[in-house]
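**Q**
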Amino acid sequence: MTKRIADRFAELKKANRAGLGIFITAGDPDPKTSLDLLKGLPRAGADFVELGMPFTDPMADGPAIQAASQRALKAGMTLKKTLDLVRGFRESDKTTPLVLMGYYNPVYIYGVDRFLDDALKAGVDGLIMVDMPAEEDEELCLPALKKDIAFIRLATPTTDDVRLPKVLTNSSGFVYYVSITGITGTASGDVNKIEQAVARLKRATQLPIAVGFGINTPDQAAAVARVADAAVVGTAVVKVIADHLKQPAEAVAKTHKFIAELAAGVRGARVNA
Amino acid sequence: MSTVNSFRTGPDEGGHFGIFGGRYVAETLMPLILELERVYNACKADPGFQKELAGFHTHYVGRPSPLYFAERITEKLGGAKVYFKRDELNHTGAHKVNNCLGQALVAKRMGKRHIIAETGAGQHGVATATVCARFGMECTVFMGAEDIERQKPNVERMRLLGATVHPVTSGSATLKDAMNEALRFWVSKAETHFYIIGTVAGPHPYPAMVRDFQSVIGIETRHQMQEAEGRLPDTLVACIGGGSNAMGLFHPFLDDPSVRIIGVEAGGHGVSTGKHAASLTGGRPGVLHGNRTYLLQDDDGQITEAHSISAGLDYPGIGPEHAWLHDMKRVEYVSATDDEALEAFQFCSRLEGIIPALEPSHALAHVMKLAPTLPKDHLLVMNMCGRGDKDLAAVLGHLERRGRPI
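As you go down the protein sequences, you meet chains A and B in turn. Counting from 1, position 114 in the first sequence corresponds to residue 114 in the numbering used here; the numbering is continuous, with no gaps. Convert by adding 273 to the 1-based position in the second sequence; the result is the number in the numbering used here.
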């Protein structure tokens with residue numbers, strides 16, 4: 001439901017700070033560890049969660065998130081089990097927004113209507129579908145909006161002023177600005193350019209602007225937090241999980257510790273600026 | 274059969290053939306794809322562009338390719354008159370160059386000097402590297418590590434032509450993964466690089482654009498058959514991986530109801546074994562690589578690995594227009610196994626002195642089943658879309674393992 005997202009960004013605005021969005025892949029490295037990871041995200045400092053739906057062919061993702069997807073699939077993850085994870089998360093958390101991020105085919109095979117109903121029931125607040133541009137809105141975006149699930153669109157450095165209105169038309173929840181021209185986890189964006197891009201988006205929409213792709217450290221997260229409404233970190237988090245595959249409990253603890261560092265960076269950003 | 278007036282008017286404005294096709298790509302690529310569509314439409318309508326392309330067809334590729342009456346195969350099979358459309362005689366040894374030439378000229382118009390491509394068998398990679406050398410463009414080819422092993426001569430050829438061959442080790446390290454990696458690379462270089470997709474798949478406008486560039490095959494066949502026999506052919510047969518050679522042959526005949534059209538998918542070890550690349554026979558609709566089409570996938574929508582003896586057919590999808598023609602029942606789709614293709618490979622080499630690529634060997638395998646059942650005045654055209662030199666080492670290995678050395 002879209003209200004959780006709106007409420008969270010309103011709280012952040014009131015507190016005059018940016019939010020921290022954390023991406024992990026559902027079922028990575030295995031379903032049980034993944035649930036532990038997920039449940040601990042809000043306490044570690046995540047203001048909202050992006051939960052990746054594993055897919056065999058993640059065309060917009062770099063090696064780290066590709067590997068996470070493969071680990072999850074190997075551990076038997078399915079879209080149905082991803083929704084089970086969300087349900088598990090909602091048992092202990094009713095306020096943190098959770099959006100599913102991924103590629104369309106598993107959703108298409110699950111069936112759009114059935115998926116939207118089940119996702120809403122499980123406690124999903126929004127969708128980020130990497131391979132669903134505005135041109136294909138009728139298929140998933142509009143049905144999702146009708147059911148009060150936010151459809152969060154990616155805007156990129158190649159989205160020029162002519163195209164931007166089309167991208168924003170059916171966007172809801174927040175706008176996800178991809179700070180680099182590329183796939184996840186490859187490079188870091190230039191903060192000055194990000195600031196200009198956020199300003200350009202702000203002129204065109206009332207929606208909050210989250211920035212992601214290429215934020216790897218607490219310092220980078222803090223720099224983005226000064227100029228945007230939220231910073232999203234994925235690859236760097238997934239890498240911590242990948243570094244502790246032999247000890248799941250350690251993976252959970254180390255990941256949460258890293259997120260706490262990111263959160264400290266984001267929370268202190270405007271105070272220290 | 275169906276209610277449409279024509280099978281040749283697709284796609285619609287959004288790039289859809291019925292429910293298939295579309296533009297399922299990341300936002301980073303959308304502005305680029307829209308720009309490509311605009312420029313391509315301008316090229317299509319520009320007589321200057323068409324003239325330049327035709328000049329290269331004649332003097333560089335060696336078109337028109339002959340329509341050859343395969344007399345000894347006809348005699349041996351004892352039924353239909355079998356003709357080969359000899360696209361294996363093109364410069365670079367396959368039909369792929371028809372498309373690469375066209376797209377390179379479009380890239381030139383867009384002012385792009387950097388070209389990327391994916392390749393399976395290496396034929397599209399070689400054709401792309403060739404046109405890049407000819408136009409002074411920088412070329413990067415993404416190729417699965419597994420395919421690099423299977424198709425060494427083509428890898429050497431690409432390097433000789435000045436291309437960088439980028440090995441892809443993710444997933445099954447074959448054509449699907451090469452395409453993933455090419456798309457990832459393209460996303461990071463969207464403003465400077467042109468992606469020459471090798472088949473009638475990918476986001477709109479690629480399926481239509483590649484089809485248009487390959488349609489020269491069918492257009493020539495119409496004229497040539499008219500000259501040879503004074504009428505239209507009765508049956509067309511072509512192999513299908515993504516389906517570009519088949520679409521090129523079929524498209525100009527789609528509105529001729531007397532022409533029976535058959536696409537042959539790669540049956541691998543047999544469709545019932547699950548180890549195959551027959552997405553129409555053994556798959557169902559899904560979304561991958563920018564379009565909706567039939568895909569090999571599991572119940573969770575995860576893409577499964579294709580298998581074929583032929584690296585060029587080893588792809589879990591098929592062009593969206595084929596998916597539509599399948600559902601409309603205008604084109605029949607069948608499959609041929611690895612073993613049948615190997616047999617056809619030897620059969621053709623011995624009887625006609627033509628060593629076919631493993632890809633059209635699948636088409637020929639079906640012709641070997643079909644032709645004997647047809648009357649002697651039945652005109653059958655098979656697209657001989659590539660030559661087999663590149664496959665020699667692989668074929669010899671397979672035959673030895675099967676205890677049938679040459």
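Backbone N, C-alpha and C define an ideal beta-carbon position, used for all residues, glycine too.
Locate the alpha helix (DSSP H) running through B/L350, then write down its first and last residues.
**A** E344 to L350
**Q** Grouping DSSP H, G and I as helix and E and B as strand, with all else coil, what is B/R296?
**A** strand
**Q** Using a C-beta to C-beta distance shorter than 7 Å, which residues of chain A count as neighbours of B/I576?
**A** T56 and D57
**Q** Counting only beta-carbon atoms, is A/N105 nearer than 8 Å to chain C?
**A** No chain C appears in this structure, whose protein chains are A and B.
**Q** Where do the N-terminal and C-terminal ends of the beta strand (DSSP E) with B/T610 fall, by residue?
**A** E605 to T610
**Q** State the Cα-Cα distance for the pair A/A75 and A/S34, rounded to the nearest angstrom.
**A** 11 Å
**Q** Give the secondary structure of A/V162 by DSSP, where H, G and I count as helix, E and B as strand, and everything else as coil.
**A** coil
**Q** Beta-carbon within less than 6 Å of A/A64's beta-carbon, same chain only, minus the 5 sequence neighbours each way: which residues are those?
**A** G185, T235, V238 and K239
**Q** In chain A, which residues lie with their C-beta within 9 Å of the C-beta of B/P304?
**A** Using a Cβ-Cβ cut-off of 9 Å, B/P304 is close to T156, T158, T159, D160, V162 and R163 of chain A, given in chain order.
**Q** Would you verify that the beta carbon of B/R311 is, or is not, closer than 8 Å to some beta carbon of chain A?
**A** no
**Q** Between B/Q570 and chain A, is there a C-beta pair that is closer than 8 Å?
**A** yes
**Q** Our contact map puts B/A695 next to B/A446 with C-beta atoms below 8 Å; I'd like the distance itself, whole angstroms only.
**A** Outside the shown range of chain B (274 to 679) lies residue 695 of chain B, about which nothing can therefore be said.
**Q** Does the beta-carbon of B/P648 have 16 or more other beta-carbons within 10 angstroms, so that it is buried, or is it exposed?
**A** exposed
**Q** Per the DSSP calculation, B/P558 is bridged to which residue(s)?
**A** B/Y567
**Q** Opposite B/V576 in the DSSP bridges: which residues?
**A** Checking the sequence, you will find Ile at residue 576 of chain B rather than Val. Beta-bridge pairing links B/I576 to B/Q570.
**Q** Which residues in chain A sit within 9 Å of B/L448, going by Cβ to Cβ distance?
**A** Neighbours of B/L448 across chain A, judged by C-beta separation under 9 Å, do not exist; the nearest C-beta is about 12 Å away.
**Q** Short of 7 Å in beta carbon distance, which residues of its chain neighbour B/M274, apart from the five on each side in sequence? Order them along the chain.
**A** Its pLDDT being 46, under 50, B/M274 is placed unreliably in this model, and the value from its coordinates should be taken loosely. Taken in chain order, the residues that qualify are K602.
**Q** Between B/N656 and chain A, is any beta-carbon pair separated by less than 8 Å?
**A** no
**Q** Would the segment 202-219 of chain A and the segment 168-182 of chain A be scored as touching if the rule is three or more Cβ pairs under 8 Å?
**A** yes
**Q** When you compare the CB of B/L586 with every CB in chain A, is at least one pair closer than 8 Å?
**A** no
**Q** Would you please verify whether the beta carbon of B/R457 is less than 8 Å from any beta carbon of chain A?
**A** yes
**Q** Measure the alpha-carbon distance for A/L83 versus A/K166 and round it to whole angstroms.
**A** 30 Å
**Q** Can you tell me the Cα-Cα spacing of A/E50 and A/G102, whole angstroms?
**A** 10 Å
**Q** What residues from chain B crowd round A/M132, counting only those whose CB sits closer than 7 Å?
**A** Y297
**Q** Leaving out five residues on either side along the sequence, give the residues of the same chain with a beta carbon under 7 Å from the beta carbon of B/K349.
**A** L624
**Q** For the pair the segment 547-555 of chain B and the segment 524-533 of chain B, tell me if three or more CB-CB distances fall below 8 Å.
**A** no
**Q** Run through DSSP, which three-state label would B/M274 get?
**A** Only weak support exists for where B/M274 lies, its pLDDT of 46 falling under 50; the coordinates are left without a value.
**Q** Between the segment 493-508 of chain B and the segment 398-416 of chain B, can you find at least three pairs of beta-carbon atoms closer than 8 Å?
**A** no
**Q** Out of B/Y341, B/A353, B/A390 and B/A327, which one is the CA nearest neighbour of B/N371?
**A** Answer by Cα proximity: B/A327.
**Q** Given A/I209, which residues of its chain have a CB within under 6 Å of its CB, disregarding the five upstream and five downstream residues?
**A** V175, Y177, V198, L201, A228 and D229
**Q** Measure from the alpha carbon of B/T413 to the alpha carbon of each residue in B/A481, B/P478 and B/G398, then state which is nearest.
**A** B/G398
**Q** Please list, in chain order, the residues of the segment 460-488 of chain B that have any C-beta partner in chain A closer than 7 Å.
**A** Cβ contacts with chain A: V460, S461, A463 and E464.
**Q** Using a beta-carbon distance below 8 Å, is A/A26 in contact with chain B?
**A** no
**Q** Which chain B residues sit within Cβ distance under 9 Å of A/Y108?
**A** Contact note: A/Y108 reaches chain B through P558, G559, V560, R565 and G574, using a C-beta cutoff of 9 Å and chain order.
**Q** Please report whether the beta-carbon of A/Q66 lies at a distance below 8 Å from any beta-carbon of chain B.
**A** Taking Cβ atoms only, chain B reaches closer than 8 Å to A/Q66, which makes this a yes.
**Q** Can you give me the C-alpha to C-alpha distance between B/L433 and B/A596, rounded to a whole angstrom?
**A** Between B/L433 and B/A596, the C-alpha separation is close to 37 Å.
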